[in-house]
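Peer 1: My structure is below; once you've seen it, I'll send some questions.
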Amino acid sequence: MSTKQPVTVIGLGPMGQAMVHALLGQGHHVTVWNRTVSRADALVARGAVLAKSAEDAVAANELVVLSLTDYDATYTVLEPASHALTGRVLVNLSSDTPEKTRAGARWVSEHGAVHLTGGVNASPSGIGQPESSTFYSGPREVFEAHRSTLEVLTSADYQGEDPGLAALLYQMGMVMFWTSMLSYWQVIALADANGLTAADVLPHAIETMTGMPGFLSFYTERIDAGEHPGDVDRLAMGMASVEHVLHTNADAGVDTTLPAAVAALFRRGMDAGHAADSFSSLVELMKTAKA
């Protein structure tokens with residue numbers, strides 16, 4: 002008989018299924034539940050136990066992992082099973098805003114359970130791989146008590162007691178991921194309009210992205226010091242460049258939504274009097290919403 006901690010996993014989309022496979026592969030007894038029951042078929046065939054209801058799934062084990070779309074989905078699933086939450090540890094790996102996450106943690110606490118927030122920095126194919134990582138926040142002693150089980154999924158990066166912190170760090174990563182990938186789609190669209198393929202531009206795209214860590218490091222120290230001198234670059238120079246980017250896409254008949262948004266932000270900086278400052282000065286505009 003396995004001495005490893007039994008786990009419940011609720012939510013069997015691609016991510017939830019990958020987590021169950023990883024846990025089963027390491028000898029954990031896993032109880033599963035999903036509103037679409039057929040998603041559990043392959044997992045049950047491998048040894049998972051399908052609970053008849055969300056309430057039964059929660060009641061089955063102390064450690065309950067949630068892999069749902071957001072916190073609204075969490076409430077939809079757990080409210081009918083709320084009386085079974087007492088004494089449970091809920092590891093919520095669902096994505097949402099930090100504030101909704103904090104509210105969710107309070108709700109869980111009010112129902113007698115403990116909430117750990119997780120922000121998974123991996124796709125389903127990365128689950129079970131030690132090079133993948135997940136941000137966690139919440140009570141440290143609870144995290145440490147379940148660390149070994151959580152590390153079956155990915156490496157575990159504990160960030161602190163605030164339940165919203167793991168969600169915040171995850172969303173920061175998503176800001177960079179989605180925006181960076183959209184910039185690549187823009188490049189591919191521009192390449193296509195000029196008779197080039199994605200494969201043609203891939204080496205140049207990789208070279209450009211490989212150089213980004215140096216820029217991030219260089220500007221970070223200046224930004225934290227509140228300094229935006231125009232000794233290395235000036236916003237006015239950047240304004241000319243982003244307009245060239247915008248016009249290049251427009252001339253090719255390519256959608257300009259993304260480059261136009263970038264140009265608009267640069268223009269705001271120019272209008273605010275930052276023409277002679279570094280384009281890093283734009284971060285000061287981005288710290289508050291435009292009136």
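My numbering puts the first residue of the sequence shown at 2, with every later residue one more than the last. All C-beta atoms, glycine included, are put in the ideal place defined by N, C-alpha and C. All figures in this text were calculated on a predicted structure; none of them were measured in a lab.
Please tell me whether Pro164 and Ala106 are closer than 8 Å, where the distance is taken between their beta carbons.
Peer 2: Position 163 of the sequence shown, counting from 1, holds the residue named residue 164. Position 105 of the sequence shown, counting from 1, holds the residue named residue 106. The answer is yes: Cβ separation under 8 Å.
Peer 1: As an exercise, report each continuous alpha helix (DSSP H) stretch of at least 4 residues that is fully enclosed by the region 154-203, in chain order.
Peer 2: Listed in chain order, they are 164-194.
Peer 1: Could you round the C-beta distance between Ser95 and Tyr76 to whole angstroms and report it? I think they count as a contact, below 8 Å.
Peer 2: Here residue 95 refers to the residue found at position 94 when the sequence shown is read from its first residue. Here residue 76 refers to the residue found at position 75 when the sequence shown is read from its first residue. In fact, because the Cβ distance is near 11 Å, the residues do not count as touching under 8 Å.
Peer 1: I believe Ala237 touches Met271 by the beta-carbon criterion, under 8 Å. Please report the beta-carbon distance rounded to the nearest angstrom.
Peer 2: Locating residue 237 in the sequence shown gives position 236, counting from the first residue. Locating residue 271 in the sequence shown gives position 270, counting from the first residue. About 7 Å separates the two Cβ atoms, so the contact holds.
Peer 1: Which residue wins for smallest C-alpha separation from Lys288, given the options Ser218, Gly227, Ala261 and Asp57?
Peer 2: By one-based count along the sequence shown, residue 288 stands at place 287. Of the listed residues, the one whose Cα sits closest to Lys288 is Gly227.
Peer 1: According to DSSP, which residues form a beta bridge with Thr102?
Peer 2: Stepping through the sequence shown from its first residue, residue 102 is reached at position 101. Thr102 is not bridged to any residue.
Peer 1: Find out if the Cβ-Cβ distance for the pair Leu117, Val78 is shorter than 8 Å.
Peer 2: Looking up residue 117 in the sequence shown gives position 116. Looking up residue 78 in the sequence shown gives position 77. Contact: no.
Peer 1: Within the chosen definition, does the region 55-72 reach the region 156-176 through at least 3 CB pairs nearer than 8 Å?
Peer 2: The region 55-72 is not in contact with the region 156-176.
Peer 1: Assess, as a yes-or-no matter, whether the region 169-179 is touched by the region 201-220 under the definition of 3 or more beta carbon pairs within less than 8 Å.
Peer 2: Judged by Cβ distances under 8 Å, the region 201-220 makes no contact with the region 169-179, as fewer than three pairs qualify.
Peer 1: Take Gln18 and list the residues in its own chain whose beta-carbon comes closer than 8 Å to its own, dropping the five residues that flank it on each side.
Peer 2: As a working mapping, residue 18 is identified with position 17 in the sequence shown. The residues are Arg40, Ala43, Leu44 and Pro125.
Peer 1: Helix, strand or coil: how does DSSP classify Gln279 here?
Peer 2: Numbered from 1 along the sequence shown, position 278 holds the residue referred to as residue 279. The residue you asked about is not Gln; residue 279 is Ser in the sequence shown. DSSP places Ser279 in coil when its eight states are reduced to three.
Peer 1: Shortest alpha-carbon distance to Gln27 belongs to which of Gln130, Leu86, Val115 and Asp57?
Peer 2: Within the sequence shown, residue 27 is the residue found at index 26, counting from 1. Taking only the C-alpha atoms, the option nearest Gln27 is Gln130.
Peer 1: So, Asn93 versus Pro7, is the Cβ gap smaller than 8 Å?
Peer 2: Position 92 of the sequence shown, counted from the first residue, corresponds to residue 93. Position 6 of the sequence shown, counted from the first residue, corresponds to residue 7. No. Outside cutoff.
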